[in-house]
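K.L.:
Those sequence lines, one after another, are chains A and B.
Just so you know, the first sequence maps onto residues 9 to 99 in our numbering.
Just so you know, the second sequence maps onto residues 9 to 99 in our numbering.
There's a structure below that I have some questions on.
2 protein chains.
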Amino acid sequence: MTISPKVVETTTLLGLVAGSLTTISFIPQVMKTWKYKETKDISFLMYVIFFTGVLLWFLYGLIIKNTPVIVANGVSLILVFIVLVLKIRYG
Amino acid sequence: MTISPKVVETTTLLGLVAGSLTTISFIPQVMKTWKYKETKDISFLMYVIFFTGVLLWFLYGLIIKNTPVIVANGVSLILVFIVLVLKIRYG
């Protein structure tokens, strides 16, 4: 089956929207935690493992020279790091 | 520059480890929330946006027929959905 360039374009767009959403999703968590300074219900282990995973994704992006992977994970890295620092600070 | 098969293999492994970590990271959050039934400090908006993003990643994986993308995001989808349901339930 031949896939038309139109379908490829739509698929790439879908991937870009997906990546943007999973990245920006951490903004409301950063804002909420920044405002209320409460992190009791947030799992520390989740953020440690997630941060490590995103860091590896970022390195993976650098190695395969894939800009969307680098940008999405670079931004996520910063946001997730902020939540992690706030979690360590507020317990 | 020629990249040896060994380097390609290591890079793929890096991507797989990265994907596994970001996926399994939600397990401790599910366990913590399941146990303590407290979700006040967790951002509802974060989980709604993250869930939507992972759902699109999953669809993207199905379209490009990429098994690691399908599996990683399929598992994430379930874990993130559980946190979201618990957040709706416990507020």
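Yeah, the Cβ is synthetic: ideal placement off N, Cα and C, and Gly gets one too.
Here the structure is a predicted model, which means the values were calculated and not measured.
Suppose contacts are defined by Cβ-Cβ distances below 8 Å. Is F66 of chain B in contact with L94 of chain B by that definition?
P.N.:
Stepping through the second sequence from its first residue, residue 66 of chain B is reached at position 58. Stepping through the second sequence from its first residue, residue 94 of chain B is reached at position 86. No. Outside cutoff.
K.L.:
Would you say W65 of chain B faces chain A, with C-beta separation under 8 Å as the test?
P.N.:
Here the question's residue 65 of chain B lines up with position 57 in the second sequence. Output row for W65 of chain B: interface = yes.
K.L.:
Between the C-alpha atoms of M39 of chain A and V62 of chain B, what's the straight-line distance to the nearest angstrom?
P.N.:
Residue mapping note: residue 39 of chain A aligns to position 31 of the first sequence, counting from 1. Residue mapping note: residue 62 of chain B aligns to position 54 of the second sequence, counting from 1. The alpha-carbon atoms of M39 of chain A and V62 of chain B are separated by roughly 21 Å.
K.L.:
Suppose contacts are defined by Cβ-Cβ distances below 8 Å. Is I57 of chain A in contact with L29 of chain B by that definition?
P.N.:
Taking the first sequence and counting its residues from 1, the one referred to as residue 57 of chain A is at position 49. Taking the second sequence and counting its residues from 1, the one referred to as residue 29 of chain B is at position 21. Yes. Within cutoff.
K.L.:
Once you ignore the five residues that flank P76 of chain B on each side, which residues in its own chain have a CB closer than 7 Å to its CB?
P.N.:
In the second sequence, residue 76 of chain B corresponds to position 68, counting from 1. L24 and G27.
K.L.:
Quick test of your reading: T47 of chain B and D49 of chain A, contact by CB under 8 Å. State the CB separation rounded to the nearest angstrom.
P.N.:
Locating residue 47 of chain B in the second sequence gives position 39, counting from the first residue. Locating residue 49 of chain A in the first sequence gives position 41, counting from the first residue. Confirmed, Cβ separation roughly 6 Å.
K.L.:
Given a threshold of 16 other Cβ atoms within 10 Å of its Cβ, counted over all protein chains shown, does S12 of chain B qualify as buried or as exposed?
P.N.:
Start at 1 with the first residue of the second sequence, and residue 12 of chain B comes out as number 4. Flag for S12 of chain B reads exposed.
K.L.:
Exposed or buried, V16 of chain A, counting other C-beta atoms within 10 Å across all chains shown (16 or more means buried)?
P.N.:
Position 8 of the first sequence, counting from 1, holds the residue named residue 16 of chain A. Burial call: exposed.
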